[in-house]
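Enquirer:
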Amino acid sequence: MAKIGIADTTFARVDMAGFAIGVINNNSEHEIERYTVPGFKDLPVACKLLFEKYKCDIVMAFGMAGPEPIDKQCSHEASMGMQMVQVEAGKHILEVFVHMDESEDEKEIFEIAKNRAEKHALNALVLLEGKEALTKNAGMGKRQGKDDEGEIKV
Amino acid sequence: MAKIGIADTTFARVDMAGFAIGVINNNSEHEIERYTVPGFKDLPVACKLLFEKYKCDIVMAFGMAGPEPIDKQCSHEASMGMQMVQVEAGKHILEVFVHMDESEDEKEIFEIAKNRAEKHALNALVLLEGKEALTKNAGMGKRQGKDDEGEIKV
Amino acid sequence: MAKIGIADTTFARVDMAGFAIGVINNNSEHEIERYTVPGFKDLPVACKLLFEKYKCDIVMAFGMAGPEPIDKQCSHEASMGMQMVQVEAGKHILEVFVHMDESEDEKEIFEIAKNRAEKHALNALVLLEGKEALTKNAGMGKRQGKDDEGEIKV
Amino acid sequence: MAKIGIADTTFARVDMAGFAIGVINNNSEHEIERYTVPGFKDLPVACKLLFEKYKCDIVMAFGMAGPEPIDKQCSHEASMGMQMVQVEAGKHILEVFVHMDESEDEKEIFEIAKNRAEKHALNALVLLEGKEALTKNAGMGKRQGKDDEGEIKV
Amino acid sequence: MAKIGIADTTFARVDMAGFAIGVINNNSEHEIERYTVPGFKDLPVACKLLFEKYKCDIVMAFGMAGPEPIDKQCSHEASMGMQMVQVEAGKHILEVFVHMDESEDEKEIFEIAKNRAEKHALNALVLLEGKEALTKNAGMGKRQGKDDEGEIKV
Numbered sequence: 002m003a004k005i006g007i008a009d010t011t012f013a014r015v016d017m018a019g020f021a022i023g024v025i026n027n028n029s030e031h032e033i034e035r036y037t038v039p040g041f042k043d044l045p046v047a048c049k050l051l052f053e054k055y056k057c058d059i060v061m062a063f064g065m066a067g068p069e070p071i072d073k074q075c076s077h078e079a080s081m082g083m084q085m086v087q088v089e090a091g092k093h094i095l096e097v098f099v100h101m102d103e104s105e106d107e108k109e110i111f112e113i114a115k116n117r118a119e120k121h122a123l124n125a126l127v128l129l130e131g132k133e134a135l136t137k138n139a140g141m142g143k144r145q146g147k148d149d150e151g152e153i154k155v
Numbered sequence: 002m003a004k005i006g007i008a009d010t011t012f013a014r015v016d017m018a019g020f021a022i023g024v025i026n027n028n029s030e031h032e033i034e035r036y037t038v039p040g041f042k043d044l045p046v047a048c049k050l051l052f053e054k055y056k057c058d059i060v061m062a063f064g065m066a067g068p069e070p071i072d073k074q075c076s077h078e079a080s081m082g083m084q085m086v087q088v089e090a091g092k093h094i095l096e097v098f099v100h101m102d103e104s105e106d107e108k109e110i111f112e113i114a115k116n117r118a119e120k121h122a123l124n125a126l127v128l129l130e131g132k133e134a135l136t137k138n139a140g141m142g143k144r145q146g147k148d149d150e151g152e153i154k155v
Numbered sequence: 002m003a004k005i006g007i008a009d010t011t012f013a014r015v016d017m018a019g020f021a022i023g024v025i026n027n028n029s030e031h032e033i034e035r036y037t038v039p040g041f042k043d044l045p046v047a048c049k050l051l052f053e054k055y056k057c058d059i060v061m062a063f064g065m066a067g068p069e070p071i072d073k074q075c076s077h078e079a080s081m082g083m084q085m086v087q088v089e090a091g092k093h094i095l096e097v098f099v100h101m102d103e104s105e106d107e108k109e110i111f112e113i114a115k116n117r118a119e120k121h122a123l124n125a126l127v128l129l130e131g132k133e134a135l136t137k138n139a140g141m142g143k144r145q146g147k148d149d150e151g152e153i154k155v
Numbered sequence: 002m003a004k005i006g007i008a009d010t011t012f013a014r015v016d017m018a019g020f021a022i023g024v025i026n027n028n029s030e031h032e033i034e035r036y037t038v039p040g041f042k043d044l045p046v047a048c049k050l051l052f053e054k055y056k057c058d059i060v061m062a063f064g065m066a067g068p069e070p071i072d073k074q075c076s077h078e079a080s081m082g083m084q085m086v087q088v089e090a091g092k093h094i095l096e097v098f099v100h101m102d103e104s105e106d107e108k109e110i111f112e113i114a115k116n117r118a119e120k121h122a123l124n125a126l127v128l129l130e131g132k133e134a135l136t137k138n139a140g141m142g143k144r145q146g147k148d149d150e151g152e153i154k155v
Numbered sequence: 002m003a004k005i006g007i008a009d010t011t012f013a014r015v016d017m018a019g020f021a022i023g024v025i026n027n028n029s030e031h032e033i034e035r036y037t038v039p040g041f042k043d044l045p046v047a048c049k050l051l052f053e054k055y056k057c058d059i060v061m062a063f064g065m066a067g068p069e070p071i072d073k074q075c076s077h078e079a080s081m082g083m084q085m086v087q088v089e090a091g092k093h094i095l096e097v098f099v100h101m102d103e104s105e106d107e108k109e110i111f112e113i114a115k116n117r118a119e120k121h122a123l124n125a126l127v128l129l130e131g132k133e134a135l136t137k138n139a140g141m142g143k144r145q146g147k148d149d150e151g152e153i154k155v
């Protein structure tokens, strides 16, 4: 049994963590630690504490980015912070970010967010099984938040 | 009782730190340490010293960015520096930045700055209570500097 | 005999790692360790573990980036993470990335991916021979994924 | 008495360091250590050595960036390097950069460079006095290289 | 007598390292260690090994970037990796990069590459003499790869 960290924000407009927690609870006995911060730039420290203080084996980080160029810059800073944290820890942070310009339809944003959260929760469970547990799907064009694109056939 | 660091700049055109200090003093007994630097690229070192030398438990960093592309680049550098500092410290820096292109009206910039500073001061107080103190608002579309966008309902 | 790490993703649409493994096995006795992750932002941690836990001497990291600006940003974050890892380890990660906007023709993307994977597998084998093993080709305009451009003659 | 590091470049077209040294010598007894490098990407190492080998308490780094996008990229890399150095040292590097596109008039570039160097030299002297020595000017819209913008009044 | 590291790539289309080595050998007794990698993203690890394993006192890193936006992104990643390495080592890496969009004429690219390599080789020799050896040229608008722009006179 492992411990899965869940870091999320009050900025996001969908409770993505809730969907991921549902998938984890339905498919495993893993323990969950949750940490909620204001915005995605606060996620790296939350992830670090989930690894170091709360002893998580893997973390999922949920965020939602606005549609403006400055929002992209901020999501980049959050992602770089999470690279620093996961490289230091030697443990994966699955970044589950939704960008508000992925669709103009709020309902579709909701569906993307839910689908991405749930599929990445399954990814987290498989990654915990070992470094080759996902190898059967290597190069298969898997997507989270939308349909798989699939392998290029020639 | 905790210690809250306040890092701000002489470059900014609004005394955001003053608003945050008001909120902190009205809502808590926490001690405050303030550190003022010329511009936002000087904030990361100020934050580091607030953590290491002045033993702050959390830091709020206030900055204001000009409207030009080079100003965005500089704010990015400041933000990356603060990611380095907070990841190293394992403690949150709440970045309270206002971009001068958020409005063409100076009065509105003032209101954004005041609102963002005050709401993030409240976030700092709640974060000090623990990792799930903000979870009741996870995914609720909270905003600082403007009205909440709210949860997407489907 | 050395150990070569192979890190790849389920996001990619071509099994580039498979081509590289073929080249390595046909041209050497080196041992191979494979690690498959969901997307390229997960590669840096995989590479770190291939170095530290699985004792690889060099790593090849395979990824495929979508055609949108946000995909470029994400590939940048993955690359920066891999810079952190390889600089810390003092060992090379050969980054084998294909961008979906390198061609509008899927078949050509496949050929670029295969060629780049195979040529970089040969690069990995030569790099393992020492710091001057590639010097005979220094400044010769070598390319992976397409034809060599060659040396500028004056 | 403190020690102030001065790092500058042969690339710049104005001897900004000279102006800063004049201000420091006219207003303090602080010792000065100077380090000149070819371009601004070489400044981070110079700053690090000024801190570690030459025991400076604060460093001023002077650079001039060309007008092209690639010059902005390079200045960004220099700035990121200096963030790494100052965050590691826990000591301030005041970055005094002039961009050649701040004016089309060389004489004005000269004036901006001189003014920015001199005002930041005064900032360095005040920062050495302590973390609240600049607080009286917090949020006052101070500028270096041009006139102050001042506080937004409402 | 010092040791100068030379890191270069098979991707570049001009043997810049060769020109630099000529200058070093004609003007000094310094020892040279060369390390050739496939592309410029592989330079940071080469530089690190030149410092740590081969005990170089300074390193010159030669690379050539393609003309597309993605090439600029890759050169940025290489440069950031080299900032990490040189800041960690506290020793200079002189980055000698040529961008293929500096000229549409291959012959001119060759001349820029040769000139930049040779002038930076001289810079390396002077930097080895100490932190103020270049100060006589501070602010003098020196350029590598093209003619000096010179000091702004007012």
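Sequence lines, in order, name chains A, B, C, D and E. With this note's numbering as the guide, the letters of the first sequence map in order to residues 2 to 155. With this note's numbering as the guide, the letters of the second sequence map in order to residues 2 to 155. With this note's numbering as the guide, the letters of the third sequence map in order to residues 2 to 155. With this note's numbering as the guide, the letters of the fourth sequence map in order to residues 2 to 155. With this note's numbering as the guide, the letters of the fifth sequence map in order to residues 2 to 155. Heads up, the beta-carbon is just placed ideally off N, CA and C, and yes, glycines get one too.
With distances taken between CB atoms, is the gap from residue 8(A) to residue 63(A) smaller than 8 Å?
Expert: Result yes, Cβ atoms of residue 8(A) and residue 63(A) sit closer than 8 Å.
Enquirer: Using 8 Å as the threshold, is the C-beta distance between residue 15(C) and residue 114(C) below it?
Expert: Result yes, Cβ atoms of residue 15(C) and residue 114(C) sit closer than 8 Å.
Enquirer: Short check: CB of residue 66(B) to CB of residue 76(B), under 8 Å?
Expert: In contact: residue 66(B) and residue 76(B) (Cβ atoms closer than 8 Å).
Enquirer: In the DSSP assignment, the beta strand (DSSP E) including residue 71(B) goes from what residue to what residue?
Expert: Counting along the chain, residue 71(B) falls outside any beta strand (DSSP E), though it belongs to the alpha helix (DSSP H) covering 70-90.
Enquirer: Please confirm if residue 119(D) has its CB atom under 8 Å from at least one CB of chain B.
Expert: Output row for residue 119(D): interface = no.
Enquirer: Go ahead and label residue 42(A) buried or exposed: buried means 16 or more other beta carbons lie within 10 angstroms of its beta carbon, across all protein chains shown.
Expert: Its Cβ being crowded by 16 or more others within 10 Å, residue 42(A) is buried.
Enquirer: Please classify residue 154(A): is it buried, with 16 or more other beta-carbons within 10 angstroms of its beta-carbon, or exposed?
Expert: Under this definition residue 154(A) is an exposed residue.
Enquirer: Roughly how many whole angstroms lie between the Cα atoms of residue 128(E) and residue 60(E)?
Expert: Between residue 128(E) and residue 60(E), the C-alpha separation is close to 11 Å.
Enquirer: Go ahead and pull the three-state DSSP assignment for residue 51(E).
Expert: If DSSP states are grouped into helix, strand and coil, residue 51(E) belongs with the helices.
Enquirer: Go ahead and pull the three-state DSSP assignment for residue 11(C).
Expert: Here residue 11(C) sits in coil by DSSP.
Enquirer: What does residue 88(C) reach in chain E if we use C-beta pairs closer than 8 Å?
Expert: Within chain E, the residues near residue 88(C) are 45, 46, 49, 82, 85, 86 and 89.
Enquirer: Residue 2(D): buried (16+ other C-beta within 10 angstroms of its C-beta) or exposed?
Expert: By the 10 Å Cβ count, residue 2(D) comes out exposed.
Enquirer: Helix, strand or coil for residue 96(D)? Go by DSSP, reduced to three states.
Expert: The answer is strand: DSSP assigns residue 96(D) an E or B state.
Enquirer: So, for residue 119(E): in the same chain, excluding its five sequence neighbours on each side, which residues have a beta-carbon less than 8 Å away from its beta-carbon?
Expert: Closer than 8 Å at the Cβ level, and outside the excluded window around residue 119(E), lie 20, 21, 23 and 24.
Enquirer: How is the alpha helix (DSSP H) around residue 107(B) delimited, first residue to last?
Expert: That run of the alpha helix (DSSP H) goes 107-128.
Enquirer: Looking at the structure shown, is residue 67(B) part of a helix, part of a strand, or coil, going by DSSP?
Expert: In the structure shown, residue 67(B) sits in coil (DSSP, three-state: anything other than H, G, I, E or B).
Enquirer: In whole angstroms, give me the CA-to-CA distance for residue 87(C) and residue 47(C).
Expert: When rounded, the distance between both Cα atoms is 12 Å.
Enquirer: Please identify the residue among 146(D), 89(D), 38(D) and 5(D) whose C-alpha is closest to the C-alpha of residue 104(D).
Expert: It is 146(D).
Enquirer: Name the chain C residues that come within less than 9 Å of residue 111(E), Cβ to Cβ?
Expert: Within 9 Å Cβ-Cβ: 153, 154 and 155.
Enquirer: Check this for me: beta carbons of residue 57(E) and residue 91(E), under 8 Å apart or not?
Expert: The answer is no: Cβ separation not under 8 Å.
Enquirer: Is the distance from the Cβ of residue 70(A) to the Cβ of residue 102(A) below 8 Å?
Expert: No, these two residues do not count as a Cβ contact at 8 Å.
Enquirer: When you compare the CB of residue 100(D) with every CB in chain B, is at least one pair closer than 8 Å?
Expert: Taking Cβ atoms only, chain B reaches closer than 8 Å to residue 100(D), which makes this a yes.
Enquirer: Whose CA, out of 49(A), 27(A), 29(A) and 152(A), lies closest to the CA of residue 84(A)?
Expert: When each option's Cα is compared against that of residue 84(A), the closest is 49(A).
Enquirer: Find the nearest neighbour of residue 17(B) within the set 148(B), 99(B) and 94(B), judged by alpha-carbon distance.
Expert: For the residues 148(B), 99(B) and 94(B), the minimum Cα distance to residue 17(B) belongs to 99(B).
Enquirer: Let me check understanding here. Comparing Cα to Cα, which of 94(C), 122(C), 152(C) and 10(C) lies closest to residue 37(C)?
Expert: That would be 10(C), whose Cα lies nearest to the Cα of residue 37(C).
Enquirer: Give every residue of the same chain whose Cβ lies closer than 6 Å to the Cβ of residue 12(C), excluding the five residues on either side of it in the sequence, and list them in chain order.
Expert: So the qualifying residues of the chain are 40.
Enquirer: Please say whether residue 34(E) and residue 51(E) have beta carbons closer to each other than 8 Å?
Expert: Against a cut-off of 8 Å, the Cβ pair of residue 34(E) and residue 51(E) comes out as a contact.
Enquirer: Give, in chain order, every residue of the stretch 7-34 of chain A whose Cβ lies closer than 8 Å to some Cβ of chain B.
Expert: Cβ contacts with chain B come from 9, 10, 11, 12, 13, 14, 15, 16, 17, 18, 19 and 34.
Enquirer: Run through chain E and tell me which residues come within less than 8 Å of residue 1(C), C-beta to C-beta.
Expert: Because residue 1(C) is not part of the residues shown, which for chain C are 2 to 155, the question remains open.
Enquirer: Kindly list the residues whose CB is nearer than 6 Å to the CB of residue 32(D), restricted to its own chain and excluding five residues on each side of it in sequence; keep chain order.
Expert: If we look at residue 32(D) and ignore the five residues flanking it on each side, its Cβ neighbours are 4.
Enquirer: Roughly how many whole angstroms lie between the Cα atoms of residue 151(C) and residue 107(E)?
Expert: Their backbone Cα atoms lie some 12 Å apart in a straight line.
Enquirer: Is residue 6(A) helix, strand or coil by DSSP?
Expert: If DSSP states are grouped into helix, strand and coil, residue 6(A) belongs with the strands.
Enquirer: Hey, quick one: how far does the alpha helix (DSSP H) through residue 155(E) stretch, first residue to last?
Expert: That residue, residue 155(E), is in no alpha helix (DSSP H); it is neither H nor E in DSSP.
Enquirer: Check each candidate in 93(C), 111(C) and 26(C) and name the one with the smallest Cα separation from residue 142(A).
Expert: Of the listed residues, the one whose Cα sits closest to residue 142(A) is 111(C).
Enquirer: Under the three-state reduction of DSSP, which class applies to residue 61(E): helix, strand or coil?
Expert: Here residue 61(E) sits in strand by DSSP.
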